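Chemist:
Residue numbers (the working numbering): 99 to 231.
Written as structure tokens, this is what we have:
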């Protein structure tokens, strides 16, 4: 993947994780990853439309998963796709927590552990500083 393509993905995402919405500037210890929405393992390509900017934690927890189990219904549901889904249709902020408002949102939030203790704590600090939008 070329440096220009990586920069294109980073700029399109405005330097923010396309899953949990964390800004790169708020996680200086781990550079964000350009990740494959549909992983290469499952036939994904390096085309810009298959790439998303993801924080270290979201990328590692998503891994090569395309689906997960909805924690409310136990059904297998596809994960959030930043290229075809609108974030606000599937998630909302409830204070420092990210709430999945659809099966896709719930499943993605659960698979990626978006409300792990460390993430909730970080968002709480950022919220107090007025840095969460």
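Every residue gets a Cβ at the ideal spot worked out from N, C-alpha and C, and that includes glycine.
Please read all numbers here as calculations on a predicted model, not as lab measurements.
What separation, rounded to the nearest whole angstrom, lies between the Cα atoms of residue 156 and residue 120?
Modeler: Start at 1 with the first residue of the chain shown, and residue 156 comes out as number 58. Start at 1 with the first residue of the chain shown, and residue 120 comes out as number 22. Distance between the alpha carbons of residue 156 and residue 120: 10 Å.
Chemist: When the distance is taken between beta carbons, is residue 152 closer than 8 Å to residue 133?
Modeler: Locating residue 133 in the chain shown gives position 35, counting from the first residue. Locating residue 152 in the chain shown gives position 54, counting from the first residue. The answer is yes: Cβ separation under 8 Å.
Chemist: In its own chain, which residues sit with a C-beta less than 6 Å from the C-beta of residue 136, not counting the 5 before and 5 after it?
Modeler: As a first step, residue 136 is located in the chain shown; it is residue number 38 there, counting from the start. Only 142 and 148 meet the Cβ criterion.
Chemist: With respect to the alpha helix (DSSP H) encompassing residue 225, which residues constitute its N-terminal and C-terminal limits?
Modeler: Residue 225 sits at position 127 when you count from the first residue of the chain shown. 215 to 226 is the extent of the alpha helix (DSSP H) around residue 225.
Chemist: Report buried or exposed for residue 127, applying the criterion of at least 16 other Cβ atoms within 10 angstroms of its Cβ.
Modeler: If you number the chain shown from 1, residue 127 lands on position 29. Result: exposed.
Chemist: In or out: residue 204 buried (at least 16 other Cβ within 10 Å) or exposed?
Modeler: Here residue 204 is taken as the residue at index 106 of the chain shown, counted from 1. Its Cβ being crowded by 16 or more others within 10 Å, residue 204 is buried.
Chemist: Should residue 166 be labelled buried (16 or more other beta-carbon atoms within 10 Å of its own) or exposed?
Modeler: By 1-based counting over the chain shown, the position of residue 166 is 68. Label assigned to residue 166: buried.
Chemist: Three-state secondary structure (DSSP) at residue 203?
Modeler: Indexing the chain shown from 1 puts residue 203 at position 105. In the structure shown, residue 203 sits in a helix (DSSP, three-state: H, G or I).
Chemist: Report the three-state DSSP secondary structure of residue 146 (helix, strand or coil).
Modeler: Mapped onto the chain shown, residue 146 falls at position 48. Correct three-state label for residue 146: helix.
Chemist: Output needed for residue 146: all residues of its chain with C-beta closer than 7 Å, excluding positions within five of it in sequence on either side, in chain order.
Modeler: As a working mapping, residue 146 is identified with position 48 in the chain shown. Counting only Cβ-Cβ distances below 7 Å, and skipping sequence neighbours, we find 103, 106 and 107.
Chemist: Please check the pair residue 196 and residue 115, which I expect to be a contact at CB under 8 Å, by giving their CB distance rounded to whole angstroms.
Modeler: For the purposes of this step, residue 196 is taken as residue 98 along the chain shown, with counting starting at 1. For the purposes of this step, residue 115 is taken as residue 17 along the chain shown, with counting starting at 1. With a Cβ gap of about 11 Å, residue 196 and residue 115 do not count as contacting.
Chemist: Considering only the alpha carbon of each residue, which of 199, 110 and 210 lies closest to residue 161?
Modeler: In the chain shown, residue 161 corresponds to position 63, counting from 1. The candidate whose alpha carbon is nearest that of residue 161 is 210.
Chemist: Which runs of the alpha helix (DSSP H) at least 4 residues long sit entirely within the stretch 118 to 174? Give them in chain order.
Modeler: With a minimum length of 4 residues, the continuous alpha helix (DSSP H) runs that stay inside the stretch 118 to 174 are 154 to 160.
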